[in-house]
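Reading through the C-alpha cells given below for one structure.
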Amino acid sequence: MKVMPSENRPLDGLVVLDFSQFLSGPYASLRLADLGARVIKVERPGVGDLSRYLYLSDTDIDGDNSLFHAINRNKESLTADLRDDDDRALLRRLIARADVMIQNFRPGVIERQGFGYDAVREINPRIVYGSISGFGEDGPWRDLPGQDLLAQARSGLLWLTGSRDDPPMPMGLAVADMFAGAALAQGILAALVGRGIHGRGAHVQTSLFEAMIDFQFEVLTTHLNDGRRPPERSAVNGAHTYLGAPYGVYRTADGHLALAMTPSLERLAELMEIKGLEHYYGDDAAMMRERDTIKAVIAEAAVQRTTAEWLAVLQPADIWCSEVLDWPAVLASDAWRNLDLEQVIRRNGTTELHALRGPIRLDGQVLKSARAAPVLGADRAAIINDLLSDLVPAESGTDNKPRKGA
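Count the sequence shown with the numbering used here and you get residues 46 to 451, in order.
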C-alpha cells in the first residue's frame, strides 16, 4: 500500500513531550507519532526508559530490548534530570512550546517534581496534559504499583478467560497497558479538537483499572442487570463466559476449528452429521443451559475431519467459523500481505529490524516510518536547536551520560 508522507499526516507540526515509560504512556504517544506528531521522549540521563533493557524478553536489538523498539519507534530522545536546575529550566521552556505532555508516574510523583498539571498549565494554558495511573489518583489503591497483570487481576477479567475448572486466567498480552494507552490517545485527540474550538487546554486522565473495566463493559452491563449472578465459564471448550453453544474452539483431525454463530443448532448438526442433539432443537435457552453437554457432542464430531474439510462444509452454509492460525500461518496469509502490515525500520544506518505499522489507514494510505526507536539522548541537540534556539545556546552532539543527581 502507499505510505502517507509525514507532512501530510493530520498531526504534523504537533509537539508531544512524553515523560512516560514502559508501555501505557509510550503506547499513547506511539499512536500520536504515527499520525504525524513530533514525539520527544524525556528520559533520565544514563538510564532512560527502563524498558530499554527490562521487561518483555531477552531479545536485544542494538543495545535495547525488543519492547523498547516496538513501542518507541518514530520518536526522539531528550535526556533531562528532573533534579537538575538547568534541565528543569530547559523542560519548562519546552513545555511552553509543546502541545501535549504525557506522564504515567505514580500519583503525586510528577507533582513533587514540579511538573504536575497545575504547574504545567501555569507555563502553558493551552497544553493538553495526559496522565495514566494504575488505579486512579485517589482512593485506597492509588499508591499500589500500576502494573498490567495486577490491574487485570483486580478487574475481574481473569474469571472470564479459560474453562470452568481452570484457575483464574490472565490475558497473554499487556492488555491493561495497551487499552489505557489507547484510551489516553483518544482523550488527547478529543482535547486537541476542543482546544481548536474554545482555545483551552485540558487534563486527560485514565488508569489501567478503568481501561480494564471498560474492556469488560459489555459483560459487566449484563452482570449489573441479571441479578448480579457471578459469571460461569463453560467446562467444555471455554471461549466466552456469556455465550452458549456452540461458541468455542474445537480440536479437529489436524488442528483446531473456531465455531462462533450458527443459524440454528439443527442446521449445524445436520451439516456435521451429528446425532443426539435433537432434544435441543428449537430451544434457544438450552444453548446456554445445556452448553457443556451440547459442546461435548460437537467436540466428538469435530475431531473426525480436518479443519479444511470442516470449513468446506460449514462456511458455504453461513456457519461462522474459522481455522485457528499460529503466527507463522498468519504471516504467510494473503490477508497479511494485502494489508501491508509489516515495515522495516533502521537505526544508526546499520541495524535493520522488522516491525508493525499502526492499525489506522488515512485516505487509502498506511502510516509507516523507517525511523527506529531513539538512542538515549540522541536528539537532545536537535530538539534544543529546533525548538529553543531563540532562548538557549545551541548544542551539539548527544547527552546520554549521568549528570549530577542522576
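We put the beta carbon where it would ideally sit given N, CA and C, even for glycine.
Check	Outcome
Please name the residue, chosen from Asn383, Leu384, Glu182, that lies closest to Ile155 on a Cα-to-Cα basis.	Glu182
In three-state terms, what does DSSP make of Lys340?	helix
If we call anything under 9 angstroms between Cβ atoms a contact, is Arg118 one with Ser414?	yes
Flag this pair as yes or no: are the beta carbons of Gln250 and Gly239 separated by less than 9 angstroms?	no
Note down the Cα distance separating Gly300 from Thr352, rounded to an integer number of angstroms.	6 angstroms
Could you pull the start and end residues of the beta strand (DSSP E) that Arg83 belongs to?	83-88
Use the C-beta contact count for Val375: other C-beta atoms within 10 angstroms, 16 or more gives buried, fewer gives exposed.	exposed
Using DSSP's beta-bridge definition, name the partner residues of Gly7.	Outside the shown range of the chain (46 to 451) lies residue 7, about which nothing can therefore be said.
In chain order, which continuous runs of the beta strand (DSSP E) of length 3 or greater are located wholly inside the stretch 209-292?	247-252
Using CA coordinates, which residue listed in Phe254, Thr297, Ala225, Gln66 is at the minimum distance from Gly184?	Phe254
My output table needs one value for Asp435: the three-state DSSP class, helix, strand or coil.	coil
Give the straight-line distance between the Cα atoms of Ala362 and Arg336, rounded to the nearest whole angstrom.	22 angstroms
Quick check on DSSP: helix, strand or coil for Arg199?	helix
Which residue or residues does DSSP assign as beta-bridge partners of Asp354?	The sequence given here places Glu at residue 354; Asp does not occur at that position. Bridge partners of Glu354: none, in fact.
Does DSSP put Glu167 in a helix, a strand or coil?	helix
Please name the residue or residues paired with Leu12 in a DSSP beta bridge.	Any property of residue 12 remains undetermined from this structure, which presents the chain solely from 46 to 451.
Count the other CB atoms, across all protein chains shown, that sit within 10 Å of the CB of Gln197; report buried if there are 16 or more and exposed otherwise.	buried
Using 8 angstroms as the threshold, is the stretch 55-73 in touch with the stretch 144-162, meaning 3 or more CB pairs across them?	yes
Kindly indicate which three-state DSSP category Ile147 falls into: helix, strand or coil?	strand
Are Gly191 and Ser252 closer than 9 angstroms when you measure CB to CB?	yes
Using the C-alpha atoms, what's the distance from Glu263 back to Ser122?	39 angstroms
Could you tell me the boundaries of the alpha helix (DSSP H) in which Ile116 lies?	111-117
Per the contact definition of three or more C-beta pairs closer than 8 angstroms, is the stretch 68-85 in contact with the stretch 165-179?	yes
Using the Cβ count rule (16 or more neighbours within 10 Å means buried), how would you classify Val87?	buried
For Ala362, does the three-state DSSP call read helix, strand or coil?	helix
By a C-beta neighbour count over all protein chains shown, 10 Å radius and 16 as the cutoff for buried, is Asn110 buried or exposed?	buried
Measure the Cβ-Cβ separation of Lys120 and Ser74 and say whether it is below 9 angstroms.	yes
For Thr307 versus Ile242, is the C-beta distance shorter than 9 angstroms?	no
Consult DSSP for Glu335 and reduce its assignment to one of helix, strand or coil.	coil
Roughly how many whole angstroms lie between the Cα atoms of Asp424 and Ala341?	59 angstroms
Rounded to the nearest angstrom, what separates Ala143 and Leu384 at their Cα positions?	34 angstroms
Give the C-beta separation of Ala344 and Tyr292 to the nearest angstrom, bearing in mind that I take them to be a contact with Cβ-Cβ under 8 angstroms.	So it is not a contact: roughly 13 angstroms between Cβ atoms.
Just mark Asp94 as buried or exposed, buried being the case when its beta carbon has 16 or more other beta carbons within 10 Å.	buried
For Asp259, tell me which candidate among Arg278, Phe224, Ile429 has the shortest Cα-Cα distance.	Phe224
Roughly how many angstroms separate the alpha carbons of Arg54 and Leu80, rounded to a whole number?	6 angstroms
Measure how close the beta-carbons of Leu432 and Leu112 come, nearest whole angstrom, since I'm counting them as under 8 angstroms.	The pair is not a contact, with the Cβ atoms about 28 angstroms apart (cut-off 8 angstroms).
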